[in-house]
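In the working numbering, the protein residues as written are 652 to 1444.
Quick reminder that beta carbons are idealized off the backbone N, C-alpha and C, glycines included.
Treat the numbers as computed from the prediction; the structure is a model and nothing was measured.
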Amino acid sequence: MHQLLNVMEETSQQRHYQRVLNPMGWDAFGLPAENAAIERGLDPEEWTKSNIQSMREQLDSLGLCFNWDREVTTCLPDYYRWTQYLFVKLFEAGLAYQKEAMVNWDPVDQTVLADEQVDENGCSWRSGALVEQKLLTQWFIKTTNYAKPLLDSLADLPEWYGVKAMQANWIGDCTGCYFDFKLKVNGEESGENLSAYCSSPETVFGAAYVAILPSHRLLHGRSSVRSALEKAFQPGKDCLTEVTAKNLFTGLEVPLVISREEAFDGHLESVIGVPDCREEDLSLARALNLRCTTVLTSDEDGKQTLINSDEFSGLTREQAFDAITQKASEQKVGGHLTSSKLRDWLISRQRYWGTPIPVVHCGSCGPVAVPEDELPVTLPKMPSFKGKGASPLEAAHDWVNCRCPRCKGSARRETDTMDTFVDSAWYYLRYTDPHNTDRPFERHLADRWLPVDVYIGGKEHAVMHLYYARFLCHFCKDRGLVAHREPFWKLLVQGLIKGQTFKLADSGQYLKREEIDFTGTKLPVSWEKMSKSKHNGLDPQEVVQQYGVGTVRLYTLYAAPPEQDILWNVKTDALPGVLRWQCRLWSLVTKLRGARQLGDVPSPSLLKKKELAETKKIWENKNYTIQEVTSYFTEDFLFNAAISRLMGLTNTLTSATVKVVQHSEEFEEALAALVLMIAPMTPHLASELWAGLCQVKNPLGGLLRQGGNVLQQSWPTVDPEYLQVPDFVQLSVLINNKACGTVTVPQQVSKDCERVQQLIMESPFGQKLLGGRRIKRAVLSPRTPLINLLIDE
């Protein structure tokens, strides 16, 4: 599932309002659905559609409100037609290509995995199997060409809870680039091409050799230079070969060397050796008796300039860096700045349930993209679907065998399908125009709604999905499809809901709760992401039936800040407490309605001095709560803190005397504002409470005279007089939980615990009470102006 929230502010007829787009869609291709279908002997399409229907019913039962008229489903041809369209655009731009490569192979799911889908222990992110290395011909997308723009544009975005740093670390320092070479054997062109990384592109004219690893595809695949390389190869040695590499940018030809190293820096498989830059390169060139060209010279101040570098001679090193990389990029022979740790995106999957790659392989023309007017290339029906093994689509002979779109000769369709991240890398664009049958989306609609104001996603997508989505948006900008480079503005990273997990210590087998005898059995207990395979999931219907939809919604928001994980345990957590709070809200409405039925017409003039002080406290608490909750909702997304503040206002109103309830406008307005502020989180309860408030006799305030449903009301605002209150707060001071007096602090620092503590210690009041004793801990209350100082006795 994917959820986005777009907010656009507009002005119309002197009225300021907000337009909100809150869509939902289904990332419906992929291994989990295919594996589940295989296990049940079902068609993946049938299984997926039934699950979508079930999950949609669950979302509806939770009262979640989405723009269902914009729903997208990635496994439907009307969606993946445009995924294929974008692939064709990448192919035409030279950014989608096929090559033989050593890849990560999942022996359980029997498919290729991208590097990002292998964990730090070398295991598959889905099946958990130990990943193997296999040589296969695969499709890649050249994301490395966009590494530097993707890295640089992070600076233009607000902070993303540490995710920006994760993205930057994933990309790495973009200080080098690849250059393209043509390979020759004994002076004859072999037809093989090679890209090699240069850590100092400005010195590329000083290249003495190109080196590859012993594991490189040229040594193990079907390459035309394999025999020449094998002839020269000696394990554990740097081997000079008969193969040479012609740099398509410089025109210079250098020997190809098989390195004795098992790995280069980062993920590099081939590097350019420049003796003028690195001692290691110089040592290797001398050992193999290779010609070295000096390309750097220094003046007396140590400033380096280029020599022996054609038109770039005479430029400073910094000037040459920019000029060479720019020209190589323009000539499409390399030059795109990237890092040594980044690889291109491997998108081939040897499975059935995925978007078909829209390419046919022709003996005469090579790989040819399917014309746009012939899209989508739909998946064939497979009556005897088994799933695993070689690419299942190979068995669909009538589908595989086709005609070449270019020469009309015999050809074969590509039988690999795309990684599901390709489908989900652009869904946010389709949300803006989901029913368009002529193109993936209209530019004016995408430009109107995007970039997404608030992107809501799980922690597990902080690198992979986000990186791919950003890449595709950058590409669409360069193709003139959108006006913006970055797809998302503000990011809300969600934690996981984890359940208690039980497993046998010796085998690691997961057990169902009903299989365990808790009276005498001791089992390792852990908290893990809810999963059917771990038997720790929870059906939301069951919790809703037990506690009610409002309680479940409120608890989910109250249990932790959005970015933290929730450990779900209804016996010990705050779910019953949330239920009690809702009962207190109901009691407050009942209390107000009852007070207004006592017979007297409400009249604030009947309130005495003590009651007026009480109403002032309610008024201040109401305005403070509106101010805080509005900030939590619109700026920080700290819904747990918002609920905590609303509970504080509930406490204030619960303690109000009957006379204040009966005769004060402040109580009525505060309760009305309280109900309005809980409405986004629990609309069902708020609707009932509002209906009850609207029946209050002789309302004093304006809120209850407006009429209409609770969801039709305006969000409560802070009274202007409250904003004119002096910029100081009187703070109660407790020392070791005992009240000791008050201090006055500036409003702007009243929530800064360290600053408040410092002001207290510097004040005569603090010096007298503390006497230089060390403060072990200070606790600043989020609900009331109070600080508790814990000190050594």
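Close Cβ partners of residue i (< 6 Å) along its chain, the five nearest in sequence each way excluded
i	result
R666	Note that R666 scores 36 on pLDDT, short of 50, meaning its location in the model is unreliable; the coordinates nonetheless yield the value given after this. Excluding residues within five positions, none has a Cβ falling inside 6 Å.
E1319	L1351, G1352
S663	Reliability fails at S663, whose pLDDT of 36 lies under 50, so the model's placement of it is uncertain and the value that follows must be treated cautiously. Excluding positions up to five away in sequence, the list is empty.
V769	N755, V782
H987	N796, C828, S980
C1127	V1133
P695	A684, E685, A688, W1004
M659	For M659, the predicted structure reports a pLDDT of 45, less than 50, and the residue's modelled location is therefore unreliable. The matter cannot be settled from this model.
Under 9 Å between C-beta atoms of residue i and residue j
i	j	result
R944	N959	Looking at the sequence itself, residue 944 is Thr, so the reference to Arg does not match. Contact: yes.
N926	G857	Correcting the residue type first, residue 926 is Pro in the shown sequence and not Asn. Cβ atoms of P926 and G857: closer than 9 Å.
V836	V894	yes
G1343	R1244	yes
F972	F900	no
H636	E1265	What the structure shows of the chain is the stretch from 652 to 1444, and residue 636 is not part of that stretch, so it cannot be assessed.
E920	R868	yes
V1011	P1056	yes
I1445	T1068	Nothing about residue 1445 can be read from this structure; the chain reaches only from 652 to 1444.
Y1373	Y1283	no
C726	S851	no
T1301	L1340	no
K1310	E1214	no
P674	R721	yes
I1107	Q1145	yes
V1203	P1212	no
R1121	D1070	no
V1103	Y1079	yes
Cα-Cα separation between residue i and residue j, rounded to whole angstroms
i	j	result
Q1375	D1443	40 Å
R911	Q885	8 Å
H1048	T1066	11 Å
T1303	I1269	7 Å
T1449	F1290	Only positions 652 to 1444 of the chain appear in the structure, and residue 1449 is not among them; the question remains open.
L1362	G1199	20 Å
E843	S875	7 Å
P1091	N686	30 Å
F1169	G1299	39 Å
P1371	I1277	12 Å
V739	D1403	54 Å
S778	N772	13 Å
S712	A798	43 Å
G1201	Q1364	19 Å
R942	A1062	47 Å
A936	L864	16 Å
Closest residue to residue i among the options (Cα-Cα distance)
i	options	result
S775	D973, S1432, Q761, R1428	Q761
S995	V861, A747, G714, A1210	Contrary to the premise, residue 995 reads as Asp rather than Ser in this sequence. Minimum Cα distance to D995 is reached at A747.
V1176	Y1373, L1162, V1103, P1371	L1162
V1438	T1393, D961, N1272	The sequence as given places Ile at residue 1438; Val does not occur at that position. Cα-wise, what sits closest to I1438 is T1393.
P1022	I1167, L1354, W733	W733
I909	E839, H871, T725, Q1233	H871
H1335	G823, M706, C716, G745	C716
A780	V759, A883, T794	V759
T1308	S1256, K1242, W1100, A1330	K1242
E930	V1347, R873, A859, E881	A859
A816	K897, V1114, S1401	V1114
Q1196	F680, L682, E690, Q709	Q709
I1249	V1347, I1167, Q970, Q735	Note that residue 1249 is Leu in the sequence shown here, rather than Ile. With distances taken between Cα atoms, L1249 lies closest to V1347.
G1139	T1152, L1096, Y1118	The sequence given here has Phe at residue 1139, not Gly. That would be Y1118, whose Cα lies nearest to the Cα of F1139.
T1435	P1415, A1429, V1396, L1382	L1382
G1417	Q1399, A1390, Q1398	A1390
L741	T699, T724, T794, V763	T794
Other residues of its chain near residue i: CB distance less than 7 Å, five sequence neighbours each side excluded
i	result
L1189	G1150, M1181, W1219
I822	A798, L801, L802, S990, L993
R1428	L1441
T1333	G1201, R1204, L1205
Contacting residues, own chain, Cβ-Cβ under 8 Å from residue i (five flanking each side not counted)
i	result
I1426	Q1408, M1412, L1440, L1441, I1442
S1432	I1438, N1439
R1356	P1350
Quiz item: Along the chain, which unbroken stretches of the alpha helix (DSSP H) at least 4 residues long are found entirely within the segment 789-829?
Solution: List check, alpha helix (DSSP H) in window: 798-803, 814-822.
Self-check item: Secondary structure, alpha helix (DSSP H): runs of 4+ residues fully inside the segment 682-745
Solution: DSSP runs (the alpha helix (DSSP H)) wholly in the segment 682-745: 682-691, 695-712, 728-743.
Self-check item: In chain order, each alpha helix (DSSP H) run of at least 4 residues that lies wholly inside the segment 967-996
Solution: Unbroken alpha helix (DSSP H) runs of no fewer than 4 residues, entirely contained in the segment 967-996, are found at 968-981, following chain order.
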